[in-house]
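Undergrad:
Residue numbers (the working numbering): 5 to 328.
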């Protein structure tokens with residue numbers, strides 16, 4: 005068994021970037037000046053990640069306001085109201101599906117690839133993941149016109165066909181080999197056969213790894229269904245060991261037989277830095293319970309953006325030390 009460290013999702017924005025966004029919104033700097041700051045923060049993050057020998061990482065999602073925006077804007081959807089993002093002190097504007105999705109180009113992947121090229125990281129693109137909201141999490145956190153769509157599944161299907169497949173097709177062509185589908189809703193809602201079919205559809209259209217990342221809780225039934233799907237497709241489930249503290253033996257049992265899966269063992273919603281010795285004892289137990297697994301990816305349990313930037317970087321360093 006080999007342990008590898010990975011980073012997913014959004015990083016906290018630096019003071020420099022937050023100030024640049026505010027100045028841009030106040031017309032005190034132009035878009036070119038703002039773009040330069042976005043890329044400075046991206047370069048700083050990726051340099052730190054690879055200096056610490058992280059196996060693969062997201063792009064930090066510095067351009068995202070939350071998991072659904074600016075994607076909702078790219079889909080030509082309105083957003084409205086404020087909804088709490090699960091049990092966090094964090095709110096987002098809900099996408100409104102009152103018209104059919106219009107998505108002309110793979111905006112998310114094109115922007116990411118362009119940024120990576122400009123900062124000189126093209127040779128590492130295969131180690132940088134493209135992030136998208138999972139179809140279930142998107143529809144369960146959106147406002148949907150029932151006169152236009154007969155069910156949430158219909159919205160999810162349209163999202164996958166018009167957006168996800170377009171994004172992952174372009175991304176793969178440009179060298180991306182990892183797609184992160186954020187599905188915190190899988191900690192709260194049961195997977196339907198239709199959603200499983202959508203995961204299959206996504207996997208069939210991408211030659212690399214599809215990571216289904218679940219956080220804020222643990223649902224054993226859903227994990228077992230994902231395990232069965234992962235046995236067929238190149239899908240890697242990543243589960244949260246912190247929020248509700250499922251037992252290592254139960255998680256290992258639910259994922260038994262998989263070649264690879266991910267475990268979120270660092271707390272992304274607590275500024276306390278974990279003790280390395282205690283984390284290694286957890287990995288010893290994981291190793292004992294998962295002898296048939298080839299790779300286990302060790303990571304944080306949810307987005308690092310919930311932490312101060314300094315603490316987020318310290319937790320990345322800890323992940324590096326944990327698997328070294």
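Glycine residues also receive a C-beta, built at the ideal position from the N, C-alpha and C atoms.
Taking residue 273 as the reference, which of 306, 280 and 299 has the closest Cα?
TA: Counting from one through the chain shown, the residue named residue 273 turns up at place 269. Minimum Cα distance to residue 273 is reached at 306.
Undergrad: Where does residue 86 fall in DSSP's three states?
TA: By one-based count along the chain shown, residue 86 stands at place 82. Three-state result, residue 86: strand.
Undergrad: What number of angstroms, rounded off, separates the C-alpha of residue 56 from the C-alpha of residue 320?
TA: If you number the chain shown from 1, residue 56 lands on position 52. If you number the chain shown from 1, residue 320 lands on position 316. So the two alpha carbons sit approximately 8 Å from each other.
Undergrad: By how many angstroms is the C-alpha of residue 31 removed from the C-alpha of residue 269?
TA: Taking the first residue of the chain shown as position 1, residue 269 is located at position 265. Taking the first residue of the chain shown as position 1, residue 31 is located at position 27. One C-alpha to the other measures close to 42 Å.
Undergrad: DSSP on residue 147, reduced to helix/strand/coil?
TA: Stepping through the chain shown from its first residue, residue 147 is reached at position 143. Strand at residue 147.
Undergrad: For residue 185, which three-state DSSP category applies?
TA: Taking the first residue of the chain shown as 1, we reach residue 185 at position 181. Residue 185: strand per DSSP, three-state reduction.
Undergrad: Taking only the alpha-carbon atoms, compute the straight-line gap between residue 150 and residue 316 and give it to the nearest angstrom.
TA: Numbered from its first residue, the chain shown carries residue 150 at position 146. Numbered from its first residue, the chain shown carries residue 316 at position 312. Each residue's alpha carbon lies about 41 Å from the other.
Undergrad: So what's residue 140 in DSSP terms, helix, strand or just coil?
TA: Locating residue 140 in the chain shown gives position 136, where the first residue counts as 1. Looking at residue 140 - three-state DSSP - the assignment turns out to be helix.
Undergrad: With a threshold of 16 other CB atoms inside 10 Å of the CB of residue 45, please say whether the residue is buried or exposed.
TA: By 1-based counting over the chain shown, the position of residue 45 is 41. Residue 45 should be labelled buried.
Undergrad: If residue 78 and residue 114 are in contact, beta carbons under 8 Å, what's the gap, nearest whole angstrom?
TA: Position 74 of the chain shown holds residue 78. Position 110 of the chain shown holds residue 114. 10 Å between Cβ atoms; not a contact.
Undergrad: I believe residue 213 touches residue 172 by the beta-carbon criterion, under 8 Å. Please report the beta-carbon distance rounded to the nearest angstrom.
TA: Sequence index remark: in the chain shown, residue 213 carries index 209 (1-based). Sequence index remark: in the chain shown, residue 172 carries index 168 (1-based). The pair is not a contact, with the Cβ atoms about 11 Å apart (cut-off 8 Å).
Undergrad: Going along the chain, which residues of its own chain have a beta-carbon closer than 7 Å to the beta-carbon of residue 166, five neighbours each way excluded?
TA: Translated into positions along the chain shown, residue 166 becomes position 162. 105 and 107.
Undergrad: I need the straight-line Cα distance from residue 126 to residue 76, nearest angstrom please.
TA: Indexing the chain shown from 1 puts residue 126 at position 122. Indexing the chain shown from 1 puts residue 76 at position 72. So the alpha carbons of these two residues sit roughly 27 Å apart.
Undergrad: On a Cα-Cα basis, can you pick out the residue from 246, 224 and 266 that is closest to residue 257?
TA: The sequence position of residue 257 within the chain shown is 253, counting from 1. If we check each option's Cα against that of residue 257, 224 comes out closest.
Undergrad: Could you spell out the range, first to last residue, of the beta strand (DSSP E) harbouring residue 99?
TA: Counted from its first residue, the chain shown places residue 99 at position 95. Unbroken beta strand (DSSP E) run through residue 99: 95-101.
Undergrad: Taking the alpha carbon of residue 176 as the reference point, which residue from 90, 291, 116 and 217 has its own alpha carbon closest?
TA: As a first step, residue 176 is located in the chain shown; it is residue number 172 there, counting from the start. Nearest option by C-alpha distance: 116.
Undergrad: Alpha carbons only, please: which of 323, 314, 264 and 253 is nearest the one belonging to residue 292?
TA: To locate residue 292, count along the chain shown from 1; it is residue 288. Closest by alpha carbon: 253.
Undergrad: From residue 185 to residue 204, what does the alpha carbon distance come to, in whole angstroms?
TA: Position 181 of the chain shown, counted from the first residue, corresponds to residue 185. Position 200 of the chain shown, counted from the first residue, corresponds to residue 204. Rounded to the nearest angstrom, the two C-alpha atoms are 13 Å apart.
Undergrad: Taking the alpha carbon of residue 13 as the point to measure from, which residue in 119, 200, 67 and 118 has its own alpha carbon closest?
TA: Residue 13 sits at position 9 when you count from the first residue of the chain shown. The shortest Cα separation from residue 13 among 119, 200, 67 and 118 belongs to 67.
Undergrad: By Cβ distance below 6 Å, which residues in the same chain neighbour residue 373 in space, the five residues on each side in sequence not counted?
TA: Summary: the structure shown does not reach residue 373, with the chain confined to residues 5 through 328, and so no result is reported for it.
Undergrad: If you check the beta carbons only, do residue 54 and residue 128 fall under 8 Å apart?
TA: Here the question's residue 54 lines up with position 50 in the chain shown. Here the question's residue 128 lines up with position 124 in the chain shown. Yes; because the gap between Cβ atoms is below 8 Å, this pair is in contact.
Undergrad: Give, in chain order, every unbroken run of the alpha helix (DSSP H) that is at least 4 residues long and sits entirely within the segment 275-319.
TA: Fully enclosed alpha helix (DSSP H) runs of 4 or longer: 280-293.
Undergrad: Does the distance from the C-beta atom of residue 246 to that of residue 218 stay below 8 Å?
TA: Taking the first residue of the chain shown as 1, we reach residue 246 at position 242. Taking the first residue of the chain shown as 1, we reach residue 218 at position 214. Against a cut-off of 8 Å, the Cβ pair of residue 218 and residue 246 comes out as no contact.
Undergrad: What are the start and end residues of the alpha helix (DSSP H) that includes residue 263?
TA: If you number the chain shown from 1, residue 263 lands on position 259. Run containing residue 263: none; DSSP gives neither H nor E here.
Undergrad: Looking at C-alpha atoms only, which residue of 191, 22, 139 and 49 is the closest neighbour of residue 248?
TA: Taking the first residue of the chain shown as position 1, residue 248 is located at position 244. Closest by alpha carbon: 191.
Undergrad: How would you write the range of the alpha helix (DSSP H) that residue 27 sits in, first residue to last?
TA: By one-based count along the chain shown, residue 27 stands at place 23. Where residue 27 is concerned, the enclosing alpha helix (DSSP H) stretches over 19-29.
Undergrad: Any idea what DSSP makes of residue 55, helix, strand or coil?
TA: One-based indexing of the chain shown puts residue 55 at position 51. Residue 55 falls in the helix class under three-state DSSP.
Undergrad: Under the three-state reduction of DSSP, which class applies to residue 210: helix, strand or coil?
TA: The residue given as residue 210 occupies position 206 in the chain shown. Of the three classes helix, strand and coil, the one that applies to residue 210 here is coil, per DSSP.
Undergrad: Per DSSP, residue 173 forms a beta bridge with which residues?
TA: Position 169 of the chain shown, counted from the start, is the residue given in the question as residue 173. According to DSSP, which records beta bridges pairwise, residue 173 is partnered with nothing at all.
Undergrad: Residue 197 by DSSP, collapsed to three states: which one?
TA: Within the chain shown, numbered from 1, the residue matching residue 197 stands at position 193. If DSSP states are grouped into helix, strand and coil, residue 197 belongs with the helices.
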